[in-house]
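Q: Quick one: this structure, given as structure tokens, is what I'll be asking you about.
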């Protein structure tokens, strides 16, 4: 990012392993079905 760019608003949330595992599963299914990971 450019040093003079406007700040990016970020929201952080407390999560547990279950939330992380769900996100990982969604990404794995997308890669399996679509053949590509969009990061």
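In our numbering, the protein residues as written are 1123 to 1161. Each residue gets a CB set at the ideal place from its N, CA and C atoms; glycine is no exception.
Quick check: the Cα distance between residue 1144 and residue 1132, rounded to an integer number of angstroms?
A: As a working mapping, residue 1144 is identified with position 22 in the chain shown. As a working mapping, residue 1132 is identified with position 10 in the chain shown. Rounded to the nearest angstrom, the two C-alpha atoms are 21 Å apart.
Q: Keeping to the same chain, check which residues put their C-beta closer than 6 Å to that of residue 1150; ignore five residues upstream and five downstream.
A: Numbered from 1 along the chain shown, position 28 holds the residue referred to as residue 1150. Same-chain partners within the cutoff: there are none.
Q: In chain order, what residues of the same chain have a beta carbon less than 7 Å from the beta carbon of residue 1125, not counting five sequence neighbours either side?
A: Within the chain shown, the letter at position 3 stands for residue 1125. No residues qualify anywhere along the chain.
Q: At the level of alpha carbons, what is the spacing between residue 1152 and residue 1142?
A: Position 30 of the chain shown, counting from 1, holds the residue named residue 1152. Position 20 of the chain shown, counting from 1, holds the residue named residue 1142. C-alpha of residue 1152 to C-alpha of residue 1142: approximately 16 Å in a straight line.
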